[in-house]
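To keep things clear, I will list the structure first and then write my remarks on it.
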Amino acid sequence: MTRKIILNEKSDTFQKLVEELSGEVITLCEQCGTCSGGCPFVDEMDIMPSQLMRKSMLGQEDVLDSQTVWLCATCNTCTVRCPRGLDVSKVAEALRQIILRKEIDNLKINDIPKEKLKDLPQIAIIAAMRKLTS
Numbered sequence: 003m004t005r006k007i008i009l010n011e012k013s014d015t016f017q018k019l020v021e022e023l024s025g026e027v028i029t030l031c032e033q034c035g036t037c038s039g040g041c042p043f044v045d046e047m048d049i050m051p052s053q054l055m056r057k058s059m060l061g062q063e064d065v066l067d068s069q070t071v072w073l074c075a076t077c078n079t080c081t082v083r084c085p086r087g088l089d090v091s092k093v094a095e096a097l098r099q100i101i102l103r104k105e106i107d108n109l110k111i112n113d114i115p116k117e118k119l120k121d122l123p124q125i126a127i128i129a130a131m132r133k134l135t136s
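Under my numbering, the letters of the sequence shown match residues 3 to 136, in that order.
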């Protein structure tokens with residue numbers, strides 16, 4: 003049985019933006035939960051990867067407030083296990099891009115104590131700046 007999801011214009015626009023940035027057709031997601039079941043970081047996430055997909059599919063922009071977007075490590079476990087071959091990590095990356103395009107930085111380098119900053123590997127700092135700042 004095929005379900006038809008009714009979207010309004012605003013949610014349809016958000017969904018299309020996510021699809022354009024990720025290259026994934028998120029409406030193909032069956033909500034089977036396999037991505038959430040295999041995710042090594044699901045215990046740390048505020049919403050499961052399958053919920054991230056559902057919210058994106060329905061155009062619920064509150065998904066951008068989720069920490070799951072930032073916790074996705076792009077390990078591709080979800081992609082390997084997905085029966086539809088969807089890459090949830092690409093969707094998470096698309097959502098991060100949307101947030102960063104709003105110029106909302108999720109890392110403020112000046113807020114990290116100097117003594118802690120000395121101990122952090124430079125490559126980790128650079129990677130975090132690339133991922134978490136606009």
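Beta carbons: idealized from backbone N, C-alpha and C, even for Gly.
Nearest neighbour of residue i, chosen from the options [CA to CA]
| i | options | result |
| --- | --- | --- |
| S58 | V27, N78, P42 | V27 |
| Q62 | T81, K18, K92, N78 | K18 |
| C41 | L73, D64, T79 | T79 |
| G39 | T81, N112, A130, P123 | T81 |
| N112 | I101, G87, T135, Q69 | T135 |
| R56 | C31, D48, D67 | C31 |
| V20 | I101, E105, Q124 | I101 |
| R98 | T29, I125, R132, G35 | R132 |
| L66 | A126, P123, F16, I127 | F16 |
| C34 | Q124, R86, L109 | R86 |
| G25 | D48, L60, D64, V90 | V90 |
Cβ distance (whole Å) where residue i is taken to contact residue j below 8 Å
| i | j | result |
| --- | --- | --- |
| C37 | C77 | About 11 Å separates the two Cβ atoms, so there is no contact after all. |
| S68 | L54 | 7 Å |
| L73 | E46 | 6 Å |
| T70 | P51 | 7 Å |
> Is the segment 93-103 touching the segment 116-129, taking contact as three or more C-beta pairs under 8 Å?
Replying inline: With a cut-off of 8 Å, the segment 116-129 and the segment 93-103 do not count as touching, because too few Cβ pairs lie within range.
> Which full runs of the beta strand (DSSP E) of 3+ residues lie inside the segment 13-83, going along the chain?
Replying inline: If we require 3 residues or more, the segment 13-83 turns out to have no beta strand (DSSP E) run fully inside it.
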